[in-house]
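So the sequence lines, in the order shown, correspond to chains A and B.
Count the first sequence with the working numbering and you get residues 64 to 262, in order.
Count the second sequence with the working numbering and you get residues 64 to 262, in order.
Ideal Cβ positions, reconstructed from N, Cα and C, are used throughout, including at glycine.
Protein chains: 2
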Amino acid sequence: MSYSPLVQQLMEAFRCLPGVGPKSAQRMTFSLLQHDRQGARSLAAALQQAAEAVGECRLCRNLTEAEVCPLCQSERRDGQVLCIVENPSDVQALEEATDFRGRYFVLKGRLSPLDGVGPAELGLDVLEQRLADGEVTELILAISPTVEGEATAQYVGEMARQAGVGVSRIAHGVPLGGDLEYVDAGTLSHAFAGRTSVG
Amino acid sequence: MSYSPLVQQLMEAFRCLPGVGPKSAQRMTFSLLQHDRQGARSLAAALQQAAEAVGECRLCRNLTEAEVCPLCQSERRDGQVLCIVENPSDVQALEEATDFRGRYFVLKGRLSPLDGVGPAELGLDVLEQRLADGEVTELILAISPTVEGEATAQYVGEMARQAGVGVSRIAHGVPLGGDLEYVDAGTLSHAFAGRTSVG
Ligand SMILES: [Zn+2]
Ligand SMILES: [Zn+2]
């Protein structure tokens with residue numbers, strides 16, 4: 064072992080990042096320490112600040128350090144249409160691929176009773192309250208067509224129907240069993256435009 | 064733009080890492096903020112500590128927070144044989160691939176007069192002093208066979224000859240124009256064992 068303790072510690076700390084193995088961690092460590100100390104300090108500060116301050120939006124559960132996220136605050140978004148997604152990254156994917164001007168609700172997962180993920184873990188009580196408030200008139204389900212995603216979509220669709228809210232589901236082109244965030248923008252745009260009513 | 068400022072800032076900060084594009088930066092950000100706050104805090108602390116404290120070893124120029132690195136301190140290493148490498152990562156690659164028991168000297172670059180990299184930038188004054196001290200009796204040049212690497216090897220080889228120190232160069236199997244750190248361990252081990260005298 065030829066590394067000093069702080070170099071070794073940094074190399075191991077990089078392993079918490081997705082897709083980073085021993086070789087990448089080593090390359091990142093040497094790159095920052097040899098050529099970019101300022102980058103290392105900026106990344107440290109950004110990590111520290113985000114880890115302390117970022118929580119979830121009271122209205123949509125997306126990641127934000129504010130009580131209400133920029134998208135839920137924006138008056139330029141249509142509060143009558145709510146798009147239901149699994150992950151924060153899905154919000155970004157849809158924003159880039161479509162001209163959707165409504166708002167979002169982020170489940171942060173899918174129903175999976177065996178893993179202890181029920182309606183409460185997905186914030187469906189919060190969603191139910193929002194539907195009861197009466198502003199939302201249409202739900203768009205942008206949930207991945209996996210087995211657990213299907214069950215989640217059915218559950219949310221049933222909630223919408225009971226609240227008298229129209230509900231549709233994006234379709235066409237999202238591959239069965241695929242994760243939404245890996246679909247290319249063109250396919251996703253097509254699927255969004257071609258959504259079919261399930262209400 | 065659907066991200067809150069701190070989320071956006073973290074995403075941009077990840078771009079200082081080699082090989083990390085917008086998609087990877089997004090995946091890293093969501094992964095840490097959704098599933099691994101503790102990992103984010105540990106990485107922040109490791110970056111901060113390393114950026115502040117890690118300097119270079121007074122003897123070999125390798126990265127270390129101590130005045131003298133673990134390898135130069137170790138009494139189990141042979142101080143008579145010095146292996147010259149370009150990068151800290153080359154030290155680790157040779158440690159893993161060979162049974163070399165001497166010590167190292169890290170140039171942190173190659174001679175490149177047009178880029179302002181001369182002998183002083185590579186610490187060759189420090190190396191010259193070490194050769195004059197008399198403990199070192201053999202140099203092994205493990206420098207990549209690129210154009211600038213060749214010039215660097217010739218320069219260091221000449222220094223060794225003037226100091227009356229034997230000098231050899233690793234050979235066989237390191238592809239011409241290739242960077243040492245991307246060579247597989249078997250090839251590197253073979254090249255190290257088959258080094259040829261150039262003194
Ligand atoms: Zn929100
Ligand atoms: Zn050293």
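Query	Result
Can you round the beta-carbon distance between Leu185 of chain B and Gly165 of chain B to whole angstroms, since I take them to be within the 8 Å contact cut?	The Cβ separation is near 19 Å, so there is no contact.
Grab me the residues of Glu248 of chain B's own chain with a C-beta within less than 7 Å of its C-beta, minus the 5 sequence neighbours each way, in chain order.	A quick correction: the sequence has Ala, not Glu, at residue 248 of chain B. Around Ala248 of chain B: Glu159 and Ala160.
Quick one: what does DSSP say Arg232 of chain B is sitting in, helix, strand or coil?	strand
What's the C-alpha gap between Gln192 of chain A and Tyr167 of chain A?	15 Å
Within 6 Å: the Cβ of Asn150 of chain A and any heavy atom of ligand 1?	no
Buried or exposed for Ser207 of chain B, please, with buried defined as at least 16 other CB atoms from any protein chain shown within 10 angstroms of its CB.	buried
What residue from B:Arg124, B:Asp178, B:Leu157 and B:Ala76 has the CA that sits closest to Ala254 of chain B's CA?	B:Leu157
Between Glu138 of chain B and Phe163 of chain B, what straight-line distance do the alpha-carbon atoms span, to the nearest angstrom?	14 Å
Closer than 6 Å to a non-hydrogen atom of ligand 2 - does that hold for the CB of Leu122 of chain B?	yes
Helix or strand or just coil, what does DSSP make of Arg193 of chain B?	helix
Shorter than 6 Å, the distance from the beta carbon of Cys146 of chain A to the closest heavy atom of ligand 1, or not?	no
By alpha-carbon positions, which one of A:His98, A:Leu194 and A:Leu134 ends up nearest to Gly220 of chain A?	A:Leu194
On the three-pair Cβ rule with 8 Å, is the region 80-88 of chain A touching the region 66-73 of chain B?	no
Can you pull the chain A residues whose beta carbon is under 8 Å from the beta carbon of Met222 of chain B, in chain order?	Chain A residues near Met222 of chain B: none, gap ~24 Å exceeds 8 Å.
Would you decide whether Ala256 of chain A is buried or exposed? Buried here means 16 or more other CB atoms lie within 10 Å of its CB.	exposed
Tell me where the alpha helix (DSSP H) around Leu69 of chain B begins and ends.	Pro68 to Ala76
When you check each C-beta in the region 97-114 of chain B against every C-beta of chain A, which residues fall closer than 9 Å?	Gln97, Asp99, Arg100, Gln101, Gly102, Ala103, Arg104, Ser105, Leu106, Ala107, Ala108, Ala109, Leu110, Gln111, Gln112, Ala113 and Ala114
Counting only C-beta atoms, is Thr127 of chain B closer than 7 Å to chain A at any point?	yes
Please decide whether Val70 of chain B counts as near chain A, where near means a Cβ-Cβ distance under 7 Å.	yes
Can you give me the C-alpha to C-alpha distance between Ile203 of chain A and Leu110 of chain B, rounded to a whole angstrom?	42 Å
Helix, strand or coil for Thr215 of chain A per DSSP?	helix
Could you tell me if Asp178 of chain B is buried or exposed, where buried requires 16 or more neighbouring beta carbons within 10 angstroms of its beta carbon?	exposed
How many whole angstroms separate the CB atoms of Thr200 of chain B and Gly229 of chain B, which I take to be in contact at a CB cut-off of 8 Å?	7 Å
Once you ignore the five residues that flank Leu190 of chain A on each side, which residues in its own chain have a CB closer than 6 Å to its CB?	Phe168
Quick check: what's the CA-CA separation for Gly227 of chain A versus Glu198 of chain A?	12 Å
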